[in-house]
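Accompanying notes for the structure given below.
Numbering (this note's numbering), first residue to last: 55 to 134.
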C-alpha cells in the first residue's frame with residue numbers, strides 16, 4: 055500500500071511540475087509581445103509603456119510618474 059501511495063504522490067507531483075513548466079514557457083511567449091513596450095525585473099526602465107514590476111494587484115493606469123491614456127485610466131477606474 056505504501057508503494058502505491060508513493061507512486062501516486064510522485065505522479066501527481068510530476069504532473070504539477072510539468073504543468074507549471076508549461077505555464078512558464080507559454081508566459082515567455084506571451085511576454086515577447088509585451089516586451090516591445092514594457093520591461094520587468096531589476097533595473098527595469100520605462101520604454102513606451104511603464105515597467106511591470108509589482109503589476110499584480112496594482113490598479114491599471116495608476117503608476118506614479120507615467121502618463122497614461124484616458125482609456126487606461128478609465129479601465130483602472132472600472133476595476134482593471
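C-beta: ideal position from N, C-alpha, C; glycine also.
For residue 107 and residue 99, what's the separation of their Cα atoms in angstroms? 10 Å
With residue 127 as the anchor, note down where its alpha helix (DSSP H) starts and where it stops. Its alpha helix (DSSP H) spans residues 124-131.
Does DSSP classify residue 82 as helix, strand or coil? helix
Check the C-beta distance from residue 127 over to residue 115 and give it rounded, since I have them as a contact under 8 Å. 4 Å
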